[in-house]
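Residue numbers (the working numbering): 5 to 210. Beta carbons are placed, not taken as given, at the ideal position from N, Cα and C, and that holds for glycine. Model, not experiment: these values are computed from the prediction. Encoded as structure tokens, the structure appears first; notes follow it.
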Ligand SMILES: [Zn+2]
């Protein structure tokens with residue numbers, strides 16, 4: 005069995021959200037096609053949600069910092085973000101046009117550490133259940149799509165490689181924040197260098 009991991013396709017990361025990725029919703033029909041394909045072939049599908057308590061310290065307002073600047077949070081480099089994906093809020097919900105996905109992993113729930121990867125927090129102190137869930141199902145190969153290429157997609161891919169999964173990143177089904185102009189391009193280069201396979205959604209066949 006293979007797995008499709010749909011990273012953070014939440015309202016706050018889409019158009020009109022507090023941490024909007026430009027043209028994010030363009031990837032939704034592509035992801036929906038993949039959800040249909042994976043369901044039809046009885047493969048595993050799981051979504052991830054950035055899920056922060058309101059007092060999360062990665063929010064600039066809670067750490068007395070300026071949005072977009074880089075500082076340090078508990079000894080780790082930290083970009084200061086606008087408030088986003090606050091637990092149970094509309095912004096934290098998956099985009100309404102995204103097809104239904106039965107399984108969800110929540111990350112970023114600890115107010116003292118950010119969590120870009122769907123496997124571990126940024127300090128690698130705690131893990132989510134994602135690795136265990138995939139292993140229990142005997143899954144060795146995964147396909148990663150979603151938001152944003154240069155943060156949560158990138159770190160999810162890097163951890164998946166570390167955990168010995170065969171990782172495919174579906175380029176046309178991801179979009180980046182690009183705080184700096186070439187961040188997404190550099191992220192893709194880095195993850196390919198580390199061993200991920202860069203593919204197009206139309207390359208996926210069962
Ligand atoms: Zn976040």
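Pull up the CB-CB distance for residue 10 and residue 51, whole angstroms please, since I reckon it's below 8 Å.
-> That pair is a contact at about 4 Å.
Would you identify the three-state DSSP class for residue 174, choosing helix, strand or coil?
-> Look at residue 174 here: in three-state DSSP terms it is strand.
Please classify residue 197: does DSSP put it in a helix, a strand, or coil?
-> In the structure shown, residue 197 adopts helical secondary structure according to DSSP, grouped into three states.
What is the DSSP secondary structure of residue 116, reduced to helix, strand or coil?
-> Of the three classes helix, strand and coil, the one that applies to residue 116 here is coil, per DSSP.
Going by the C-beta, is residue 112 closer than 7 Å to any heavy atom of ligand 1?
-> Yes, Cβ of residue 112 sits closer than 7 Å to a heavy atom of ligand 1.
Starting from the C-beta of residue 80, find all residues in its chain whose C-beta is less than 6 Å away, skip the five residues before and the five after it, and write them out in chain order.
-> Residues 126, 127 of the same chain have their beta carbon placed closer than 6 Å to that of residue 80, with the five preceding and five following residues left out of the count.
For ligand 1, any of its heavy atoms closer than 7 Å to the Cβ of residue 85?
-> Remark: the shortest separation between the CB of residue 85 and any heavy atom of ligand 1 falls under 7 Å.
Could you please give the first and the last residue of the uninterrupted beta strand (DSSP E) stretch that includes residue 108?
-> Per DSSP, residue 108 belongs to the beta strand (DSSP E) from 107 to 111.
Does the Cβ of residue 47 have 16 or more other Cβ atoms within 10 Å, making it buried, or fewer, making it exposed?
-> Residue 47 is classed as buried because its beta carbon has at least 16 other beta carbons within 10 Å across all chains shown.
Could you check the C-alpha separation between residue 189 and residue 153 for me, to the nearest Å?
-> Rounded to the nearest whole angstrom, the C-alpha separation of residue 189 and residue 153 is 9 Å.
Return yes when the C-beta of residue 211 is under 7 Å from any heavy atom of ligand 1, and no when it is not.
-> Residue 211 is absent from the structure shown; the chain starts at 5 and stops at 210.
Start and end of the alpha helix (DSSP H) containing residue 104?
-> Element bounds for residue 104: n/a, residue is neither H nor E.
Can you check DSSP and say which residues form a bridge with residue 86?
-> Listed as beta-bridge partners of residue 86 by DSSP are no residues whatsoever.
Do the CB positions of residue 45 and residue 210 come within less than 8 Å of each other?
-> Cβ atoms of residue 45 and residue 210: closer than 8 Å.
Take residue 60 and list the residues in its own chain whose beta-carbon comes closer than 6 Å to its own, dropping the five residues that flank it on each side.
-> 115.
Give a single yes or no on whether residue 89 has its beta carbon closer than 7 Å to a heavy atom of ligand 1.
-> Yes; taking the cut-off as 7 Å, the Cβ of residue 89 has a heavy atom of ligand 1 nearer than that.
Grouping DSSP H, G and I as helix and E and B as strand, with all else coil, what is residue 13?
-> Under the three-state reduction of DSSP output, residue 13 falls in the coil class, being neither helix nor strand.
Between the Cα of residue 165 and those of 175, 184, 135, 34, spot the shortest distance and give me the residue it belongs to.
-> Minimum Cα-Cα distance from residue 165 among the listed residues 175, 184, 135, 34 corresponds to 135.
Cβ pair residue 22, residue 100 closer than 8 Å | For residue 22 and residue 100, no; Cβs fall outside 8 Å.
Taking all protein chains shown into account, do 16 or more other C-beta atoms lie within 10 angstroms of the C-beta of residue 215, making it buried, or fewer, making it exposed?
-> The question about residue 215 has no answer here: the residues shown for the chain are numbered 5 through 210.
DSSP state of residue 147 mapped onto helix, strand, coil | Strand.
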